[in-house]
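Chains as they are written, first to last, in the numbering used here: chain A, 2 to 290; chain B, 15 to 280.
Cβ coordinates follow ideal geometry from the N, Cα and C atoms, glycine included.
Here the structure is a predicted model, which means the values were calculated and not measured.
Contents: one structure, followed by commentary.
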Amino acid sequence: MKNKSWKPWILLSPSLTAVFLLLVIPICFVVVYSFWLRAPSGQDIPAFQFGNYAKFFADFFYPSILLNTLRVALETVILCLILGYIPAYFFYKTESRFKPFLMILVMLPFWISFIIRTLSWINILGDSGLINHLLLKYNIISTPLAMLYNEGAVIMGLLQYLLPFMILNIYVSLDGIDKSLAEAAKSLGCTEWQAFKEVTLPLSLPGVSAGCLLVFVLTCGTYLPPMILGGPGNEMIANLIFKRIIGTLDWPFGSAISTILMLLLMVIVYTYNRYMGINQIFKTLSNES
Amino acid sequence: MKKFISGWSLIKIFTFLVYVWMFTPIIAVVILSFNPQQFGSFPMEGFSFKWYVKLSHNSTILDAFKNSLVLGSCTAVLATAFGVPAAMAFIRYEFRGKEFLNTLLIAPIMIPEVVLGVALLLFIRWLQQPKSFALLLIGHVVLTLPYVLLIVQARLVGIKKEYEEAALSLGANPFQTFREITFPLLAPAILAGMLFAFTISFDDVTATLFWATAQNQTVPVKIFGMLRNSISPEINALGAVMIVLTVSTPLLAGYISRKFAKGTGK
């Protein structure tokens with residue numbers, strides 16, 4: 002066995018090299034860069050100072066965007082949970098022969114471009130979108146409702162993006178529950194609802210929490226829905242990073258915001274892993290295909 | 015019992031409504047792409063292919079399409095070439111630090127894409143390299159590698175080690191064993207991994223916007239640029255083409271592989 006010990010390392014070396022060179026080192030760079038100075042000429046000067054972080058926390062402007070991000074992420078998680086649990090439970094219980102087809106339909110959005118799914122809401126919520134068109138046509142309203150460019154529209158876009166992740170996470174967890182457990186509870190006198198509440202729901206919590214974490218993390222790292230569907234007040238932290246890096250080319254400050262976002266998410270993921278274990282998420286993601 | 019039935023039908027109705035909610039915007043994109051009006055919105059007035067014709071004459075969009083296809087294919091090949099050996103190492107061997115390394119290779123899923131975009135761009139800038147096709151390619155390999163790894167690992171767990179050991183004991187060398195035993199059993203997972211990598215690469219916009227240039231665009235980046243001037247029927251048409259392409263690829267591949275499997279089974 003001893004002479005075989007180098008073998009896995011040969012198999013692993015291409016991907017380890019790639020991830021180390023293209024992920025670990027660049028991320029260390031972001032952290033290092035966040036301490037650099039930006040000269041008025043636009044040059045970045047190597048330094049070790051906390052000016053970029055001080056700038057972030059100097060007034061309420063940037064922290065309020067951070068808080069806004071966390072609030073939107075929390076709202077998205079809660080809505081995803083409500084909209085996601087019931088269909089997942091339906092898949093668990095149904096004996097319909099269309100079940101495989103319905104499951105494929107849920108996965109379908111994974112294969113459709115994120116930007117198209119996001120902008121498609123303009124066709125629905127816009128001034129001349131589907132909803133306003135129908136409401137005007139049947140004389141329910143006389144002027145179009147302003148449904149776009151606010152937080153509601155942003156959350157619609159986020160839900161569209163994230164709901165399949167939530168449904169699948171919950172379903173994978175539900176699918177592992179022996180159906181006879183709930184039957185046993187019922188034969189002992191529980192009602193259908195009690196059996197669900199006391200048996201099925203608690204057993205499905207690993208999937209629920211994995212789905213919530215994934216939705217939360219993905220929401221915090223995206224800037225497209227606020228950019229396309231949101232108004233000026235709906236910016237999230239990722240929009241800030243995009244603007245600093247692509248817009249004003251302020252690399253040190255952009256790096257500092259990225260570092261703050263990473264630290265925040267690391268704390269959340271670490272806490273989660275401590276109590277729940279991260280493997281549930283990976284288990285579900287490998288089932289996606 | 016009566017009460018349960020009504021509860022169950024509520025669940026059914028709710029699930030149906032979630033489907034409607036999820037697919038209405040997507041269907042609207044496809045329908046509106048046939049609207050001949052200048053402003054791509056309701057009501058539909060007539061039916062025409064004119065936006066598709068216009069698309070097919072737009073050379074920057076065609077370039078972006080070609081770029082996306084080449085990029086997606088290269089990404090799929092590279093990500094599987096890196097991911098399959100790594101999956102073999104994790105499932106078939108015991109070694110120190112295995113858990114940690116597995117988490118490290120899957121970590122990119124949990125790192126916000128916007129940070130991945132910034133990090134790689136910053137690194138390339140420090141190396142004083144220009145943004146190029148190579149940057150897009152390595153970036154997309156990093157983005158897709160974890161998914162390929164997860165899919166192949168999940169399948170490999172289900173393939174009994176005994177098959178490989180039998181081949182080895184009958185005198186096959188490790189490479190022959192992989193070619194004759196492991197690879198055919200693993201092929202569906204490899205294909206699935208490649209397709210997944212292709213679609214992620216083809217669709218990605220969050221990180222790609224950091225890496226793309228005007229000369230090196232992908233279709234989603236092009237759509238993002240077009241959106242600056244508000245939504246147009248041309249965008250809907252391009253969206254519809256993307257939807258049909260990325261949805262039909264996996265369905266077709268699934269169909270072909272099933273047919274192929276049946277053919278060899280006889």
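Inspect the beta-carbon positions of Ile-105 of chain B and Thr-158 of chain B and report whether they are closer than 8 Å. no
Using the rule of at least 16 other Cβ atoms within 10 Å of the residue's Cβ for burial, across every protein chain shown, is Cys-29 of chain A buried or exposed? exposed
Do Ala-211 of chain A and Asn-170 of chain A have their C-beta atoms within less than 8 Å of each other? yes
Nearest to Thr-220 of chain B (by Cα), restricted to the options B:Phe-212, B:Val-235, B:Pro-264 and B:Asn-49: B:Val-235
Please identify, using Cβ separations under 8 Å, the residues of the segment 242-255 of chain A that lie next to chain B, in order along the chain. Ile-242, Phe-243, Ile-246, Ile-247, Trp-252 and Gly-255
Relative to the alpha-carbon of Leu-83 of chain B, which residue among B:Phe-212, B:Leu-252 and B:Met-240 has its alpha-carbon at the smallest distance? B:Phe-212
Verify whether the separation of the beta carbon atoms of Pro-122 of chain B and Val-162 of chain B is less than 8 Å. no
Looking at Pro-165 of chain A: is its Cβ nearer than 8 Å to the Cβ of Ala-133 of chain B? no
In terms of DSSP beta bridges, what is Asp-45 of chain A paired with? A:Arg-39
Inter-residue Cα distance where the pair is Leu-136 of chain A and Leu-126 of chain A: 12 Å
Rounded C-alpha distance that separates Trp-7 of chain A from Val-20 of chain A: 20 Å
Say whether the segment 69-84 of chain A touches the segment 234-242 of chain A, bearing in mind that this needs 3 or more beta-carbon pairs closer than 8 Å, one atom from each stretch. yes
How long is the line joining the alpha carbons of Pro-99 of chain B and Ala-55 of chain A, rounded to whole angstroms? 46 Å
Taking 7 Å as the limit between beta carbons, can you name the residues of its chain near Gly-85 of chain A, skipping five residues before and five after? Leu-164, Met-167, Ile-168, Ile-171 and Gly-212
Sequence-distant residues of its chain with Cβ nearer than 6 Å to Gly-86 of chain B (five each side left out): Phe-212, Ser-215 and Phe-216
Pick from A:Lys-138, A:Leu-250, A:Cys-191 and A:Ser-129 that is closest to Ser-246 of chain B, judged by C-alpha positions: A:Ser-129
Report yes if the CB atom of Leu-46 of chain B is closer than 8 Å to the CB atom of Asn-250 of chain B, and no otherwise. yes
Quick one: which chain A residues come within Cβ less than 7 Å of Met-256 of chain B? Ser-114 and Ile-117
Beta carbon proximity, Leu-115 of chain B to chain A, threshold 8 Å: yes
Where Ser-20 of chain B falls, given that 16 or more other Cβ within 10 Å makes a residue buried: exposed
At 8 Å on the CB atoms, spell out the chain B contacts of Ile-79 of chain A, in chain order. Within chain B, no residue comes near Ile-79 of chain A; the closest Cβ sits about 15 Å away, beyond 8 Å.
Going residue by residue through the segment 49-75 of chain A, where are the continuous alpha helix (DSSP H) segments of at least 4 residues, counting only ones entirely within it? 52-59
Do you know how far the Cα of Leu-80 of chain A is from the Cα of Gly-208 of chain A? 16 Å
Reduced DSSP category for Asp-251 of chain A - H, G, I as helix; E, B as strand; rest coil: coil
Comparing the C-beta of Gly-97 of chain B with each C-beta of chain A, is any distance below 8 Å? yes
Figure out for me which residue from A:Val-31, A:Trp-10 and A:Tyr-224 has the closest Cα to the Cα of Glu-108 of chain B. A:Trp-10
Asn-1 of chain A: buried (16+ other C-beta within 10 angstroms of its C-beta) or exposed? Any answer about residue 1 of chain A is impossible in this case: the structure gives chain A only from 2 up to 290.
Classify Ile-171 of chain A as helix, strand or coil using the three-state DSSP reduction. helix
Range of the contiguous alpha helix (DSSP H) that encloses Tyr-34 of chain A: 26-34
When B:Ile-173, B:Arg-110, B:Ala-42 and B:Asn-116 are compared against Leu-200 of chain B, the one with the closest alpha-carbon: B:Ile-173
Against chain B, with Cβ distances strictly below 8 Å, would Ile-171 of chain A count as a contact? no
8 Å contact criterion, which Val-31 of chain A and Ser-256 of chain A should meet: CB distance rounded: 5 Å
Does any CB atom of chain A fall closer than 8 Å to the CB of Tyr-269 of chain B? no
Residue-level contact to chain A via CB, Val-261 of chain B, 8 Å cutoff: yes
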